[in-house]
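Start counting the sequence shown at 0; every next residue gets the next number (numbering that gives the first Met the number 0). Cβ coordinates follow ideal geometry from the N, Cα and C atoms, glycine included. Below: the structure, in C-alpha cells.
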Amino acid sequence: MAACKCRLCGAELTHTFVDLGMSPLCESYVPADRLDESETFYPLHVRQCPSCLLVQLPAYVRGEDIFSDYAYFSSYSDSWVAHARRYAHAMIDELRLGPGSLVTEVASNDGYLLQHFLARGVPVLGVEPAGNVAEAARSKGVPTVVEFLGRETGKAIAARYGQADLVAANNVFAHVPDIVDFAEGLECLVKPGGLVTLEFPHLLQLIAQTQYDTIYHEHYSYLSLLTAARALQAGGLMVVDVDELTTHGGSLRVHARPEEEAGEPSTAVKALLDREEAAGLHTLHGHAGFASEVLRVKSDLLRFLIEAAGHGRTVAAYGAPGKGNTLLNHCGIRSDLVSYTVDRSPVKQGKYLPGTHIPIYGPEKLAETEPDYVLVLPWNLREEISTQLDYVRSWGARLVFPIPSLDIV
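Laid out in C-alpha cells, this is it:
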C-alpha cells in the first residue's frame, strides 16, 4: 500500500477502512460519441487515520478536475428543495435575519437554498466552483462567485462582499481535499458572533446501514461528529450544537461559531459523541467489519439480478446519481442485467453511466417499456421516489431498493 498522509493531522495512513477496487469519476457521464473511447478508473481505497481517526479517500483526483464543470443540479430533487426551504425559514426566524443581514452559502449549486432567503428579503451570496451550475443560480437572481473556498479566497470574498451572519455549507465538507484550509475559509466568511452550519452524511449511518455507495472520488472524507469537530477546530471554529437529519440516508447538521465566542457546546453534542463512542467510532478497532457487510450487499444484488435475467424478467433503473455509479461499478453490473436507467435531469439524459455504459433516458421510458423491476439507485429518496413511481404498479412492476438490505416492494 503506497504511503499517504492524513489530510487532517498529517499522520501516515496505514489502515484500510474498505477497498472498493477501481471506479471512474461518478459524475463523468459519457456522451454517445465517446462510447468507444477509453475511460480513466481510479482506486476507491478508503483509509482511516490511526491517530485522529478520520476516514478518508486519498485525493486521487484534484477537486478542480471534478467540480469545475459539474453534472449535479440540486433542484431536481423536490424533497431536497423542500428541506432547504424549511432550513431557510427556521434560520431567518432563529437568527432574526432581515434586509441588513447576509447569508453566504458555500457550494451553493444552482441556488436551491439561497432562493428561499431571497424570497424573504434577506441578501445572499453564493460561492460555487462549477461555472455551469453557478449560471443556473444567477438565472434565479442568486449572486454567485465562482471560486473554490479556502483561507485566501475566503478572506478575499469577505473583503469584497462582507462577512456573513450565517454561512451554510451543505454536502461540501466531505468534498474538499484540504479540509483544514476549507475550515479556515469558513472562519474567514463568518462575522464575529455569526453562525456556520454544515450538513454532511454521518459516518455512523454509513456503517450502520452499509451505505458504501456514498463512497466515491468526490467524497474525500467520511465524517463522524468527532472528526468533523476536530477539522473545524483546526480552522478556528467550535461546534456548539448538532442536529440529526434523515437526508442522504442520515446526515448531521453541525452548528459552529468562531472559537472566541463559541461558549459551551449543547447537550446534544455530548449525547451524540457518547453514542458514537458506544458504537466504536472513537477507536480504530470499532470501524472493523464494514468490508464484509459491503460484500453482503453486493452478493444479494447480483444474485437477484442474475436470477431475474434467468427467468426472462426485465430490470431498468431509476436515477443516475453518483452513488449509483459506485454501486454498479463495484458490482460489475452492465446493461445485460440493467438495460437502462432514467433521470429527471436533462443534463444526463442521452448520455451513458460512467464505466457501465448503461444508457440514460427521460422518465417516460419506463411507461414505454414496462420493465418487471425498477432498481432505485437514489435509495435515500425512497419516500419521494416511491410516490413518483407509483404508476409502475399498473403493469405489475416492483421497486427494488439495494441498500441497506435488498428490498423488493
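- Taking all protein chains shown into account, E198 has 16 or more neighbouring C-beta atoms within 10 Å of its C-beta and is therefore buried.
- The beta-bridge partner set that DSSP reports for Y317 consists of V341 and V375.
- Excluding five sequence positions before and after N379, the CB atoms of its chain that fall closer than 7 angstroms to its own CB belong to H247 and G248, given in chain order.
- In terms of Cβ geometry, V60 and Y41 form a close pair [threshold 7 angstroms].
- In the structure shown, S385 adopts helical secondary structure according to DSSP, grouped into three states.
- The straight-line gap separating the alpha-carbon atoms of D371 and L398 is approximately 9 angstroms.
- In the three-state scheme derived from DSSP, where H, G and I count as helix and E and B as strand, S250 is classed as strand.
- Contact annotation: the segment 296-303 touches the segment 398-407, with at least three C-beta pairs closer than 8 angstroms.
- With respect to the 7 angstroms criterion, G321 and E26 are classified as neighbours on the basis of their beta carbons.
- Here the alpha carbon of Q55 sits roughly 27 angstroms from the alpha carbon of V375.
- A distance below 7 angstroms between beta-carbons, with the five flanking residues on each side excluded, links A83 to the following residues of its chain, in chain order: Y111, L112 and H115.
- Taking A315 as reference, the option from A10, E11 and L304 with the minimal CA-CA separation is L304.
- Taking the C-beta atoms as reference points, L12 is found nearer than 7 angstroms to R46.
- Non-local beta-carbon contacts of Y390 in its own chain, meaning distances under 8 angstroms to residues more than five positions away in sequence, involve A366 in chain order.
- Looking from the CA of V132, the closest CA among P191, D109 and H14 belongs to D109.
- Three or more pairs of CB atoms, one per stretch, sit closer than 8 angstroms, so the segment 176-191 contacts the segment 146-155.
- With fewer than 16 other Cβ atoms inside 10 Å of its own Cβ, I407 counts as exposed.
- Counting C-beta pairs closer than 8 angstroms gives three or more between the segment 319-338 and the segment 349-359, which meets the contact rule.
- Sixteen is the threshold: since fewer than 16 other Cβ atoms of the shown chains lie within 10 Å of the Cβ of H310, the residue is exposed.
- Fewer than three beta-carbon pairs drawn from the segment 223-238 and the segment 282-291 are found closer than 8 angstroms, and the two stretches are therefore not classed as touching.
- Of all alpha-carbon atoms in V123, L34, E104 and L124, the one lying nearest the alpha-carbon of F172 is that of E104.
- A Cβ-Cβ separation of about 7 angstroms places Y211 in contact with L19 under the 8 angstroms criterion.
- In this structure, A10 lies near C48, with their beta-carbon atoms less than 7 angstroms apart.
- Unbroken alpha helix (DSSP H) stretches of 4 residues or longer found wholly inside the segment 140-192: 150-160 and 178-188, given in chain order.
- Contact between R256 and M237 holds: CB atoms are separated by about 6 angstroms, below the 8 angstroms threshold.
- For the pair T143 and G125, the CB atoms are nearer than the 7 angstroms cut-off.
- DSSP places Y86 in the helix class (H, G or I) of the three-state scheme.
- For S138, the secondary structure class from DSSP, reduced to helix, strand or coil, is coil.
- P57 is classed as buried because its beta carbon has at least 16 other beta carbons within 10 Å across all chains shown.
- C-alpha of A261 to C-alpha of A167: approximately 17 angstroms in a straight line.
- Note on geometry: alpha-carbon atoms of S385 and V102 lie some 34 angstroms from one another.
- Under the DSSP assignment, D273 falls in the alpha helix (DSSP H) whose first and last residues are T266 to A277.
- Assignment of Y28 by DSSP, reduced to helix, strand and coil, places it in the coil class.
- Secondary structure at L300: helix, using DSSP grouped into helix, strand and coil.
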